[in-house]
Structures are given as C-alpha cells and as structure tokens.
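Q: Quick note: the working numbering has the sequence shown finishing at residue 636, numbered continuously throughout.
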Amino acid sequence: MSSLNALDFKVPDLALLRCWLSQLGCPFFECDSCQALHLCHMQKCDGVSDARIDLKDDVILFSVLAEIRPTALIPLSSNLSQINTLSLTAKAFINIEENDNLAQLIVCQSISIATGITEQQFDHFMQQSTEQISMIISTVAENDMLFLSDDYEYEDDEEEEEEEEEKNSPPVSRFRPIIH
Numbered sequence: 457m458s459s460l461n462a463l464d465f466k467v468p469d470l471a472l473l474r475c476w477l478s479q480l481g482c483p484f485f486e487c488d489s490c491q492a493l494h495l496c497h498m499q500k501c502d503g504v505s506d507a508r509i510d511l512k513d514d515v516i517l518f519s520v521l522a523e524i525r526p527t528a529l530i531p532l533s534s535n536l537s538q539i540n541t542l543s544l545t546a547k548a549f550i551n552i553e554e555n556d557n558l559a560q561l562i563v564c565q566s567i568s569i570a571t572g573i574t575e576q577q578f579d580h581f582m583q584q585s586t587e588q589i590s591m592i593i594s595t596v597a598e599n600d601m602l603f604l605s606d607d608y609e610y611e612d613d614e615e616e617e618e619e620e621e622e623k624n625s626p627p628v629s630r631f632r633p634i635i636h
C-alpha cells in the first residue's frame with residue numbers, strides 16, 4: 457500500500473465529487489431545484505423516492521428518502537430507535553411536512569471533510585453508505601411500511617378502473633334535491 461501525503465487529502469467541492477463519482481462508475485444526475493448529486497443506482501431500489509449526495513458545512517451527506525405508508529407511520533415511529541440500532545453509521549428519521557401528502561423516511565450517513573479526504577476514503581464512504589442505507593430501507597420495506605413501485609402501479613390500475621366505470625355509467629348529479 458502506498459503511503460499518503462498531504463496532497464492526497466482534498467476538501468472536495470461539487471466538481472470533485474462529480475469527478476470521483478464518475479471514476480467510481482456511479483451514475484448520477486443534477487436537477488434544477490437543488491445543488492445535490494442524485495444517485496441513480498439507489499433511486500432504482502424499491503421504495504426509494506430520492507437518493508443524493510449533498511455538501512453542507514464541510515460534510516458530505518448521503519441521504520435516501522422513501523415514502524411511508526400512512527398506516528405505518530405510528531408503528532415506524534415507535535420502532536425508529538430499534539431501526540437505528542441496525543447500523544452504527546447510518547441513521548433514520550421521519551420527516552413530516554404540511555404540504556406533502558406522505559411522510560418520508562430519511563436515512564442518511566455523513567462524513568466530515570473539513571481536514572480533507574482521499575478518493576479512496578470517498579470510495580469507502582460510498583460503499584459503506586450504500587450497504588448500510590440499503591439494509592435499513594430493505595428492513596423497513598420488508599415490514600410493509602413503505603410505498604413500493606408495485607403500490608403505485610396498483611393505485612394507477614385502480615384509478616383507471618374507476619375512470620372506466622365512470623365513463624360507462626350514467627351521469628350522477630352531485631347535488632341533492634332540497635326536501636321541505
């Protein structure tokens with residue numbers, strides 16, 4: 457193993473993270489609404505609605521968002537401490553916002569970069585984060601607490617069936633007659 461010198465340690469910016477992700481063969485994309493690098497390989501996982509790398513205050517944050525079934529919100533909340541014991545490095549929490557229809561499970565892992573990191577450390581961080589976060593998401597999904605891609609297809613099928621029934625049935629008035 458080669459010895460490291462001060463030049464091997466870098467405080468990465470978004471451009472360097474893009475370069476390192478490309479060298480690792482990790483596909484990503486950028487959107488117009490945030491400064492994050494969205495990770496394609498994690499977004500393909502069942503139950504995951506977003507996965508990204510953010511740079512915040514000399515910290516790289518790897519986070520994955522998954523939509524929680526409304527019926528699972530209370531059981532998931534009560535089991536969150538137990539879920540967080542599955543990994544020493546990745547942590548999960550629940551995000552509920554007024555303007556969102558569904559609560560989200562956010563699982564994240566971070567690494568401080570204030571003194572710099574090497575490309576090898578970043579590679580290890582990515583591998584470990586992917587493994588740990590995937591394990592947590594899989595465990596929660598196996599307990600039927602997340603919306604999975606099949607659920608959306610099922611909902612779409614139900615909506616299509618309802619629309620078809622509405623087309624084939626006679627029109628129904630939405631107003632009730634006033635009875636005196």
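Backbone N, C-alpha and C define an ideal beta-carbon position, used for all residues, glycine too.
(1) Ordered along the chain, which non-local residues of its own chain (more than five positions away) have a Cβ less than 8 angstroms from that of Leu604?
(2) So Leu529 and Ala559 are in contact, right, with Cβ under 8 angstroms, and what is the actual spacing, rounded?
(3) Rounding to the nearest angstrom, what Cα-Cα distance links Asn555 and Asn461 in this structure?
(4) Under a Cβ-count criterion, where at least 16 other Cβ atoms within 10 Å of its own Cβ denotes burial, should Ser585 be classed as buried or exposed?
(5) Rounded to whole angstroms, what's the CA-CA distance from Arg508 to Val520? Just pull it up for me.
(6) In three-state terms, what does DSSP make of Ala548?
(7) Can you list, in chain order, the residues of its chain with a C-beta nearer than 8 angstroms to that of Ile550? Leave out the 5 residues immediately preceding and following it.
(8) Hey, Phe581 and Ile593 are a contact pair by Cβ (cut 8 angstroms); roughly how many whole angstroms apart?
(9) Please check the pair Phe465 and Thr571, which I expect to be a contact at CB under 8 angstroms, by giving their CB distance rounded to whole angstroms.
(10) In whole angstroms, give me the CA-to-CA distance for Asp436 and Gln588.
A: By the coordinates alone:
(1) Asp502, Gly503, Ala597
(2) Indeed, because the Cβ distance is near 5 angstroms, the residues count as touching under 8 angstroms.
(3) Here the alpha carbons of Asn461 and Asn555 stand approximately 49 angstroms from one another.
(4) buried
(5) Their backbone Cα atoms lie some 7 angstroms apart in a straight line.
(6) strand
(7) Ile524, Leu529, Leu532, Ser533, Leu536, Ala559, Gln560, Leu561, Ile562
(8) No, Phe581 and Ile593 are not in contact; Cβ-Cβ is about 18 angstroms, not under 8 angstroms.
(9) 7 angstroms
(10) For residue 436 there is no data in the structure shown, the boundaries of the chain being 457 and 636.
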